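Residue numbers (this note's numbering): 24 to 361.
The beta-carbon is built from N, C-alpha and C at its ideal position, and this holds for glycine as well.
As the structure is a prediction and not an experimental result, all values here were calculated from the model.
Here the structure is laid out as structure tokens; the discussion comes afterwards.
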Amino acid sequence: MPDVVHRTIHQAGVDTDKFLHGAAIVFHEGLCYANWANSPINENGPHETLKGRRSTDGGKTWPILETIGPGFRGEERHSHGILFVHQGELWTICSRFGVGTPGRRFPGLQAEAFVLAPDTNRWLSRGIVMENCWPYDEPVRMANGNFITGGQDKDGLPVVAISRGHDVTQWETISIPYDRRLKPSFAETTVWSEGERVLAIIRGGGGIAWVSVSEDNGRTWSKARASNFPMPRAKAYLGKLSTGQLYLLSNLKNRDTLAISVSQPGENSLSSIWRVRHGKTVPPRFSGRAKGKEWSYPYGHEHDGHLYVVYSVGKEDCGLSVIPIKSFQLTSVSNPLR
């Protein structure tokens with residue numbers, strides 16, 4: 024992409040956690056905040072925590088590492104989630120699992136909220152706010168005033184979570200039906216709402232994305248089906264730019280390429296695609312389960328004329344790409360998503 028700037032927010036080191044995944048990013052009161060899951064060695068391992076950094080210069084430097092979700096002594100753990108500003112407060116909602124109701128992927132899956140206290144500048148828990156949902160999107164307000172975020176459940180199946188109006192301490196988890204032939208596995212879901220209509224894009228199989236649509240503010244969903252959009256088994260992120268362009272951050276064919284696809288302003292079909300990062304990353308420096316050369320698990324946030332995209336680099340480091348919104352001028356067409 025033209026004019027994109029790449030930076031590093033955090034790197035694994037000899038004396039720090041060796042695994043990192045699932046970054047999120049947001050701006051609040053002039054500061055940029057990012058957080059992610061960290062664990063000593065392995066993905067989703069015991070002793071995993073939610074950690075982050077803050078930038079006072081628009082994402083150029085990230086000086087201090089902080090712990091947000093501290094984890095636990097036993098099998099339960101905190102992991103990555105979402106960042107957002109709500110009613111003037113900075114919130115993060117992260118997954119928490121490892122004990123409780125049996126699950127094929129994440130036993131006892133819940134989500135816990137933390138809020139940055141303005142008087143102490145420290146993160147305080149607001150308790151469990153979601154059951155059986157691992158959230159992935161900055162919440163989007165729907166036509167009925169409720170907020171929605173995409174996720175997956177304890178069995179790795181596609182779900183969304185819906186707030187009770189402006190009360191973001193109580194969310195309802197709703198499953199998305201799917202064709203059994205799709206055989207979902209880690210069906211991470213990302214959503215965007217326009218009026219009462221909500222589009223869900225789901226991590227699928229067969230090298231393509233799955234899609235589902237709700238016409239009633241996320242209460243009921245069409246059966247998830249295969250789309251015509253190429254996407255490997257990897258989490259994507261769906262949003263809308265201030266230009267009115269829908270955008271999708273995703274991998275293309277494999278995790279060697281991190282791409283952004285956009286629509287024409289006001290349209291719902293993705294019509295152009297650019298590479299954000301391309302080529303194999305350096306090999307992981309430390310051993311650990313499920314690591315590899317990859318740019319993966321993107322998350323986007325627009326601020327001051329730029330799209331800030333964070334992602335995992337080899338599941339060890341947190342990368343940041345800053346893209347001018349003016350770069351998304353459509354000149355080519357490739358694989359529209361319908």
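Nearest in C-alpha terms to GLY289, of all of ILE296, ARG149, LYS276, LYS263, is LYS263. The Cβ-Cβ distance between ILE197 and THR212 does not fall below 8 Å. Between HIS326 and PHE50, the CB-CB gap stays under 8 Å. For GLY227, the number of other beta carbons within 10 angstroms of its own is at least 16, and it is reported as buried. If you draw a straight line from the Cα of LYS206 to the Cα of GLN193, it is about 30 Å long. Of all alpha-carbon atoms in VAL27, ASN61, TRP114, ASN65, the one lying nearest the alpha-carbon of GLU161 is that of TRP114.
Selection HIS33, CYS117, SER265 evaluated against SER350 yields SER265 as nearest (Cα-Cα).
In the structure shown, the three-state DSSP call for LEU205 is helix. When only Cα atoms are considered, ASP340 and ALA60 end up about 11 Å apart.
Taking C-beta atoms as the reference points, ALA136 and VAL152 count as a pair closer than 8 Å. Our two residues, ASN65 and CYS55, have alpha carbons roughly 28 Å apart in a direct line. Cβ neighbours of THR243 within its own chain (closer than 7 Å, five residues either side excluded): SER237. The closest CA to that of GLY53, considering only GLY75, HIS44, GLY82, is found on GLY82. By DSSP's assignment, GLY75 forms a beta bridge with ASN58, GLU89.
The criterion of a C-beta distance shorter than 8 Å is satisfied by TRP157 and GLY174. Around the beta carbon of HIS29, fewer than 16 other beta carbons sit within 10 angstroms, so the residue counts as exposed. Residue environment analysis places ALA313 among the exposed positions, since fewer than 16 neighbouring C-beta atoms fall within 10 angstroms of its C-beta. DSSP places ILE348 in the helix class (H, G or I) of the three-state scheme. About 11 Å separates the Cβ atoms of TRP85 and ILE48, ruling out a contact at the 8 Å cut-off. Rounded to whole angstroms, VAL333 and ARG203 show a C-alpha spacing of 33 Å.
In the three-state scheme derived from DSSP, where H, G and I count as helix and E and B as strand, ASP340 is classed as strand. Here VAL163 is buried. Its C-beta has 16 or more other C-beta atoms within 10 Å.
By alpha-carbon distance to LEU261, the top candidate from ALA249, THR304, GLU217 is GLU217.
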